[in-house]
Amino acid sequence: NAGVTQTPKFQVLKTGQSMTLQCAQDMNHEYMSWYRQDPGMGLRLIHYSVGAGITDQGEVPNGYNVSRSTTEDFPLRLLSAAPSQTSVYFCASSSAWEQYFGPGTRLTVT
Amino acid sequence: DQQVKQNSPSLSVQEGRISILNCDYTNSMFDYFLWYKKYPAEGPTFLISISSIKDKNEDGRFTVFLNKSAKHLSLHIVPSQPGDSAVYFCAANSGGSNYKLTFGKGTLLTVNP
């Protein structure tokens, strides 16, 4: 049972490039979410999904797109990366209040 | 506007003593509260939670206290161990089925041997 997996672990992008951060869970959880963690800022919610085909914005959605075509996968897309998107990104899933987090993706945009 | 506040960025305690981490919130609609623990280079892991209908929840060495009138909760760790050294995040939810959490900025706990 892998839990929540995220790929890649590390990524360096140039300004303007696009990429997709992958997130998958094998616990059959309906709820999934993406957070970013910046120094001194805690965890801030980017987007979340309450089930396949349903997504909504969180606190800091600008510059990010998501889709949820299956229960297992919840990819996060950066269409045109900016230095302000340099951060550590965490994906989480849950079926109740306790959320399970992946190990994170450290993204640097130069 | 920060709805969940952890005003102490860091806390240092001696092994065996009590660690008390504090959290304040401003949104009166919050009705479920959680604490997460995070080690460097890992994702946060769930530690303990409390519903607004309770004022205390205990799990082994960890106890969470909720004071709704003061909009304040605290996490007590007794006795503290060096392995407890981590960043602790307080989180809150305003109900509903979306399980959307609002996190505080975190407190770095260091337990010295």
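Chains as they are written, first to last, in our numbering: chain A, 1 to 110; chain B, 1001 to 1113. Ideal Cβ positions, reconstructed from N, Cα and C, are used throughout, including at glycine.
**Request:** Identify every residue that forms a DSSP beta bridge with A/Thr5.
**Result:** A/Ala24
**Closer than 7 angstroms at the beta carbon, the chain A residues around B/Gly1043** = Phe90, Phe101, Gly102, Pro103 and Gly104
**Item:** Cβ neighbour criterion (16 or more within 10 Å) applied to B/Ile1018
**Value:** exposed
**Message:** Is the beta carbon of A/Gly104 closer than 8 angstroms to that of A/Thr5?
**Reply:** no
**Request:** Kindly indicate the opening and closing residues of the beta strand (DSSP E) around B/Phe1046.
**Result:** Thr1045 to Ser1051
**Prompt:** Does A/Lys53 get closer than 8 angstroms to chain B when you measure Cβ to Cβ?
**Reply:** What sits at residue 53 of chain A in the sequence shown is Gly, not Lys. Not one chain B Cβ lies under 8 angstroms of A/Gly53.
**Request:** Using a Cβ-Cβ cut-off of 8 angstroms, state whether B/Gly1032 counts as contacting chain A.
**Result:** The sequence as given places Tyr at residue 1032 of chain B; Gly does not occur at that position. Taking Cβ atoms only, chain A reaches closer than 8 angstroms to B/Tyr1032, which makes this a yes.
**Request:** My understanding is that A/Ser33 touches A/Leu21, with C-beta atoms under 8 angstroms, so please give their C-beta distance in whole angstroms.
**Result:** At roughly 13 angstroms, the Cβ-Cβ gap does not stay under 8 angstroms, so A/Ser33 and A/Leu21 are not in contact.
**Message:** Let me see if you follow: with CB-CB separation under 8 angstroms, is A/Met27 close to chain B or not?
**Reply:** no
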